[in-house]
Amino acid sequence: MKRSLFGGAISCDVPNGFADVSEFRQVPDNQEVFADAATDRCVIIELLQMEDTIGDSATGVFYFNEIADSNACAPTDRHVAQAFTMPASEVHGLQVPAHIAVGTQAVAKYKEAAKNVIQVYVCCLRLPRATTDLVVSVTVPISVDPNSSSRGHVPTDVDEGSVFLKAIFRSLAVHDWDLFQ
93 MKRSLFGGAI SCDVPNGFAD VSEFRQVPDN QEVFADAATD RCVIIELLQM EDTIGDSATG
153 VFYFNEIADS NACAPTDRHV AQAFTMPASE VHGLQVPAHI AVGTQAVAKY KEAAKNVIQV
213 YVCCLRLPRA TTDLVVSVTV PISVDPNSSS RGHVPTDVDE GSVFLKAIFR SLAVHDWDLF
273 Q
């Protein structure tokens, strides 16, 4: 489903069934967050100051670790399984390479002791003209601890995350570059 982001300055496809989290919770101005409450899957699209000290091909792993840190995920509870770059021709609307990292994180929800294992897909699209890293992350639960508040959620097919991520970055379009001023 095509969604307008950041006041219509950007648009992309977001999977059906994902609600706009800003309708019921405060979301930072530099993020758009969508979640599927039935499955605990989540999509976050954020605009970040370009990390000049990080080489392009390393940005996927860099942001994977940034997300893990923000989830209070210990280094021993995270694992990057793949890191690769898709060519600009795959990012139809922006024509920039997609720097991707895929891996798992064991994270607790709401500061609970129980940890769930999530598959995290991170894509960094570097927008040099705007000195911005556009970061897309998709999380899919793959193992839910029986003591977690998410215990009623059924883990989903981890490959869905890859499908969602590709649909998002292939459909991303910037309609108003003034957003980055």
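Quick note: our numbering has the sequence shown finishing at residue 273, numbered continuously throughout.
We put the beta carbon where it would ideally sit given N, CA and C, even for glycine.
One or two residues paired with residue i in a DSSP bridge
i	result
G195	V172 and V212
V135	F126 and V230
R104	Strictly speaking, residue 104 in this sequence is Cys, with Arg absent from that position. Beta-bridge pairing links C104 to R95.
S39	Nothing about residue 39 can be read from this structure; the chain reaches only from 93 to 273.
V266	I102
Beta-carbon separation (whole angstroms), residue i vs residue j, contact threshold 8 Å
i	j	result
Q123	E143	Going by Cβ atoms, the distance from Q123 to E143 rounds to 17 Å, so no, they are not a contact pair.
T151	C216	4 Å
I210	V228	Rounded, the Cβ-Cβ distance is 15 Å, inconsistent with contact.
V135	F256	7 Å
R262	V183	7 Å
Three-way DSSP call (helix, strand, coil) for residue i in this model
i	result
E143	coil
V255	helix
R117	coil
L217	strand
D148	helix
A164	coil
A111	strand
A190	strand
A206	coil
V183	coil
D225	strand
Residue i to residue j span [Cα, whole Å]
i	j	result
V153	I159	10 Å
D161	Y155	10 Å
G195	P167	12 Å
A130	V230	15 Å
V125	L97	10 Å
L186	R221	11 Å
D268	R95	15 Å
V214	Q118	22 Å
I192	D105	18 Å
G253	V232	6 Å
M178	T224	18 Å
A265	N157	26 Å
L271	A101	6 Å
A190	A206	33 Å
D197	S235	According to the sequence as given, residue 197 is Gln; it is not Asp. One C-alpha to the other measures close to 10 Å.
G99	M93	17 Å
G109	D251	17 Å
C165	R218	25 Å
A175	N208	22 Å
CB contact below 8 Å: residue i versus chain B
i	result
K94	Here there is only one protein chain, and chain B is not present.
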